[in-house]
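Below: one structure, written as structure tokens.
Numbering (the numbering used here), first residue to last: 84 to 723.
Here it is in structure tokens:
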């Protein structure tokens, strides 16, 4: 049984459920500096809303005595700080979601970490919130972390804020203290565009102004926290915005039915409305709005429906069905805010997956513009982003996607970046606008294509990508392969790592970011040469799988041949005629592969060569040529 039995539940459970179902829902986030009382506040809300079950209450009483901070009193924070690490450290390190309800409204609250190193957790909690409760310890006033959290709230599009001046009991319920904190906060908030602010003096532990007006603050005549949360009007104007339906599923149970299912991200739709499908641009008319409970005369934002159209047009998962009179843009290059969540830094040019709505595409950050010091709002120069850093960047996709700016529609303008290999989320992003070159730079059609150029050379163009440690023998083998192919009349070109750095890549160093850019440029040049009909051989350490995958993705399936020249580190180091390994061992060269920078060996290369010394370089070259002939790359008869 619950802590206090609700009479309606006891008398009429079905009536209670119907009443509960019709309540509106408010999602809000609590944030503030460490030990400002976020978890205590949420615990108090759960306790006062009578959603603490008797066994949980008994556990709370026991835990409060063992690990609580309130002596013999209840430590409400323990209702939320469920992780053992949080109890031991006395801080919240994860996003804790809790549900509670009152007679007037249902709530989902996210308790988010206060530490700067958990910025990504706060962004996660705020991404779906309608309102933010920002706590300030009355003893300490507005702190740097208060400003940081407010900036993130503003960035993520939350416009309604409750300034909860907590622990007022520890300053004698001073009106002067409360007024000073409110004035300081409003002055800062105006700089970041926050103006809809309600300030409430309270004590989460004592319950002052949480659910009922406190006799300790007779000078305060505003709402209680719960009173405000129950009545605040949320700017849920999505139904007034243009219609958007990201297609999640093509629903075809039989030959007579073909519908397009998804959750409406904006606007209202009715049978007979004209719609446009993005990015293809095809148009049709809505025939039916189908749900499990039957057809609807109209549907709006937040509803999950299946649409059928009057015309048979090609629509796939990830496409967007939109109103024909005001469709979204479709583009492949953007400026956006990026909140970096990955342990590994963001590197320009490195390939990632981008998921926006129901569509997943390839993406790379092309140019970081600056990163934001979220404590001071200062813009700082940046070439990459580290964990929890926020920056403004340009991003390029491998195909156009339909979008609306994040400020107009969160679902159509918010995205995540995903690591291609681990499939972990490494960043959250907010699209600002499409870059002009996304619309003004077009591919120029040419009369002579790759197939025609290759036919004239009597060969199938391809890139043979040699990778391995410095000293493994890549250049030696690649040079032998090119010499023999040239002698046989084939048209080739060898791109060697050292040679390219004398010209095309002379401006690049050896940081991880520079290495990524080095390989990106080489891959693009190799692509042009393959388009010219050549057999291209590349000899680069190319230590990271992600960049080799980026190179592979530029070519057709049978055009990229990865050759792993595999030599143990000690063997490669023994062949170090340039003395590079010795310099790296002495600390004179930093970021040297195999010493202080890792080499990620290929998982499934087309060819794996033993370069330990057991096999001669000539034999390895013959093996590569035999593979090229078997793969159909070499079609010209031998001339010698």
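Backbone N, C-alpha and C define an ideal beta-carbon position, used for all residues, glycine too.
Computed from a prediction, not measured in an experiment: that's the story for all the values here.
For residue i, list the residues DSSP reports as bridge partners.
i: residue 419; result: 476, 514
i: residue 456; result: 461
i: residue 280; result: 244
i: residue 346; result: 387
i: residue 445; result: 436
i: residue 285; result: For residue 285, which the question treats as bridged, DSSP gives no partner whatsoever.
i: residue 450; result: 477
i: residue 485; result: 413
i: residue 497; result: 513
i: residue 114; result: 217
i: residue 368; result: 357
i: residue 407; result: The partner list for residue 407 (beta bridge, DSSP) is empty, contrary to what the question assumes.
i: residue 340; result: 337
i: residue 329; result: 403
i: residue 691; result: 647
i: residue 352; result: 382
i: residue 180; result: 193
For residue i, count neighbouring C-beta atoms within 10 Å of its own C-beta (all shown protein chains included) and say buried if the count is 16 or more, exposed if not.
i: residue 136; result: A caution first: residue 136 carries a pLDDT of 44, below 50, which makes its placement in the model unreliable, though a value can still be read off. Under this definition residue 136 is an exposed residue.
i: residue 704; result: buried
i: residue 687; result: exposed
i: residue 409; result: exposed
i: residue 453; result: exposed
i: residue 738; result: The requested residue 738 is not part of the displayed model; the chain covers only 84 to 723.
i: residue 566; result: exposed
i: residue 496; result: buried
i: residue 589; result: exposed
i: residue 415; result: buried
i: residue 108; result: exposed
i: residue 713; result: exposed
i: residue 492; result: buried
i: residue 673; result: exposed
i: residue 329; result: buried
i: residue 463; result: exposed
i: residue 581; result: exposed
i: residue 166; result: Since pLDDT at residue 166 reaches only 41, below the 50 mark, its modelled position is unreliable, and the value read off the structure follows with that caveat. It counts as exposed.
i: residue 338; result: exposed
i: residue 625; result: buried
i: residue 461; result: exposed
i: residue 301; result: exposed
i: residue 636; result: exposed
i: residue 426; result: exposed
Cβ-heavy atom distance between residue i and the ligand ADP below 8 Å?
i: residue 605; result: What this structure holds is no ligand at all, so the ligand ADP is not there to describe.
To the nearest angstrom, how far is it from the Cα of residue i to the Cα of residue j?
i: residue 227; j: residue 234; result: 11 Å
i: residue 710; j: residue 444; result: 32 Å
i: residue 628; j: residue 342; result: 40 Å
i: residue 467; j: residue 550; result: 25 Å
i: residue 395; j: residue 611; result: 38 Å
i: residue 324; j: residue 210; result: 20 Å
i: residue 459; j: residue 116; result: 16 Å
i: residue 45; j: residue 684; result: Summary: the structure shown does not reach residue 45, with the chain confined to residues 84 through 723, and so no result is reported for it.
i: residue 313; j: residue 260; result: 27 Å
i: residue 498; j: residue 361; result: 17 Å
i: residue 331; j: residue 349; result: 15 Å
i: residue 533; j: residue 701; result: 31 Å
i: residue 609; j: residue 574; result: 14 Å
i: residue 289; j: residue 306; result: 17 Å
i: residue 519; j: residue 494; result: 23 Å
i: residue 287; j: residue 129; result: 12 Å
i: residue 194; j: residue 205; result: 8 Å
i: residue 441; j: residue 489; result: 16 Å
i: residue 387; j: residue 344; result: 7 Å
Mind reading off the beta-carbon distance from residue i to residue j? Whole number of angstroms is fine, and I expect it under 8 Å.
i: residue 715; j: residue 543; result: 6 Å
i: residue 424; j: residue 603; result: That belief does not hold up - the Cβ atoms of residue 424 and residue 603 are roughly 23 Å apart, past 8 Å.
i: residue 510; j: residue 429; result: 7 Å
i: residue 545; j: residue 404; result: Residue 545 to residue 404, Cβ: 41 Å. No contact.
i: residue 370; j: residue 354; result: 6 Å
i: residue 617; j: residue 576; result: 5 Å
i: residue 214; j: residue 249; result: At roughly 17 Å, the Cβ-Cβ gap does not stay under 8 Å, so residue 214 and residue 249 are not in contact.
i: residue 793; j: residue 399; result: A question about residue 793 goes unanswered here, because the residues of the chain that appear run from 84 up to 723.
i: residue 480; j: residue 421; result: At roughly 14 Å, the Cβ-Cβ gap does not stay under 8 Å, so residue 480 and residue 421 are not in contact.
i: residue 446; j: residue 556; result: So it is not a contact: roughly 35 Å between Cβ atoms.
i: residue 276; j: residue 237; result: 6 Å
i: residue 417; j: residue 516; result: 7 Å
Check whether the Cβ of residue i lies closer than 9 Å to any Cβ atom in chain D.
i: residue 229; result: This model lacks chain D altogether; it includes just one protein chain.
**Message:** List, from N- to C-terminal side, the alpha helix (DSSP H) runs of 4 residues or more that fit wholly inside the segment 189-218.
**Reply:** Secondary structure in the segment 189-218: the alpha helix (DSSP H) runs of 4 residues or longer, each lying completely within the stretch, are 202-209 in chain order.
**Message:** To test your reading of the DSSP string, which unbroken beta strand (DSSP E) runs of 3 or more residues are found completely within the segment 568-636?
**Reply:** List check, beta strand (DSSP E) in window: 575-579, 618-622.
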